[in-house]
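*Asks:* What follows is a structure written as structure tokens; I'll ask about it next.
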Amino acid sequence: MKKNLLSLVILSLLVVNIILTSIMLFSVVGTNKKTAAIVTDIAGILSLETGDADTPGSAEVSMADTKNYDIADRLTITCKRADGETKDTYCLVNVSLSMNTQDPDYATFGTPEAMKENESMVKSEVISVISSYTAEEIKLDQDAVCEEILKKVQDRFGSKFIYKVYFSNIMFG
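Just so you know, we're using numbering that gives the first Met the number 0 here: the sequence shown kicks off at 0 and counts up by one.
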């Protein structure tokens, strides 16, 4: 009788152990999936994916196929006010564009004469993007601002012959 009672206790402990193990397994797997999803989202935000050729400017263009265009004027742009700021902050910046000379649209839009004609449109896009950021946001992530300008300029031209936007000599005051 004692052996049967002991066997029942062991059997019941085994069943409880299996139930608790399966509960723990499902909770860990669910948490692992959520963690993987969060890591994927963060990597997407930071553009750390490998082999993502769809992001603007991600195509590799050789230096021989690159032509740079510097916007002649230094732009003075009023930045968006941060919360609690009472005075305006200005951004003084020189902007340069890198163009792919092998792109079919380069002959139409990328020549120095064509770029000179369209310079005011490019300046307008730069001003609209920079004025939507605070000075601190620009200081913290200039690349994001450049990428947004690039996307707007590419949309305006309807082409991706411009593949990179650079800031040089940027100052705030």
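Even for Gly, the Cβ is constructed at its ideal location relative to N, Cα and C.
Treat the numbers as computed from the prediction; the structure is a model and nothing was measured.
Counting along the chain, where does the alpha helix (DSSP H) carrying Leu-12 start and finish?
*Replies:* Looking at the DSSP string, the run of the alpha helix (DSSP H) that includes Leu-12 is 1-44.
*Asks:* Is the beta carbon of Val-164 closer than 8 angstroms to that of Leu-96?
*Replies:* Yes, the Cβ-Cβ distance between Leu-96 and Val-164 is below 8 angstroms.
*Asks:* Could you check what DSSP says for Val-128 in three-state terms: helix, strand or coil?
*Replies:* In the structure shown, Val-128 sits in a helix (DSSP, three-state: H, G or I).
*Asks:* Since Asn-93 and Ile-76 should fall inside the 8 angstroms C-beta cutoff, what is the C-beta to C-beta distance between them, to a whole number of angstroms?
*Replies:* Not confirmed; about 12 angstroms, so no contact.
*Asks:* Measure from the alpha carbon of Thr-88 to the alpha carbon of each residue in Glu-124, Ile-137, Ala-36, Ser-167, then state which is nearest.
*Replies:* It is Ile-137.
*Asks:* With DSSP run on the structure shown, which of helix, strand or coil describes Cys-145?
*Replies:* In the structure shown, Cys-145 sits in a helix (DSSP, three-state: H, G or I).
*Asks:* Specify the secondary structure class of Val-121 as computed by DSSP and reduced to three states.
*Replies:* Helix at Val-121.
*Asks:* Contact check, Thr-100 vs Lys-122 under 8 angstroms by CB: the rounded distance?
*Replies:* About 23 angstroms separates the two Cβ atoms, so there is no contact after all.
*Asks:* Kindly give me the distance between the Cβ atoms of Met-120 and Tyr-68, rounded to whole angstroms, as I take these residues to be in contact under 8 angstroms.
*Replies:* Wrong, their Cβ atoms sit about 13 angstroms apart, outside the cutoff.
*Asks:* Please report the straight-line C-alpha distance between Val-144 and Ser-131, rounded to a whole angstrom.
*Replies:* In a straight line, the C-alpha of Val-144 is about 10 angstroms away from that of Ser-131.
*Asks:* Cutting at 8 angstroms between CB atoms, please list the residues of its own chain near Val-60, excluding the five before and the five after it.
*Replies:* Cβ within range, chain order: Ser-97, Asn-99, Gln-101, Tyr-162.
*Asks:* Checking 8 angstroms against the spacing of the C-beta atoms, do Phe-166 and Gln-141 come in under that value?
*Replies:* Yes. Within cutoff.
*Asks:* How would you label Glu-174, buried or exposed, when you count the other beta carbons within 10 angstroms and need 16 or more for buried?
*Replies:* Shown here, the chain extends from 0 to 172; a query on residue 174 therefore has no answer.
*Asks:* Taking the Cβ atom as the reference point for each residue, do Thr-133 and Ala-81 lie within a distance shorter than 8 angstroms?
*Replies:* It is a contact, given that the beta carbons lie within the stated cut-off.
*Asks:* Since Thr-77 sits in a beta bridge, which residues does DSSP pair it with?
*Replies:* The partner list for Thr-77 (beta bridge, DSSP) reads Tyr-89.
*Asks:* Just how far apart, CA to CA, sit Val-27 and Leu-13?
*Replies:* Looking at the two C-alpha atoms, the distance is approximately 21 angstroms.
*Asks:* With DSSP collapsed to three states, give me the class of Ile-175.
*Replies:* The shown model of the chain, from 0 to 172, leaves out residue 175, and the question about it has no answer.
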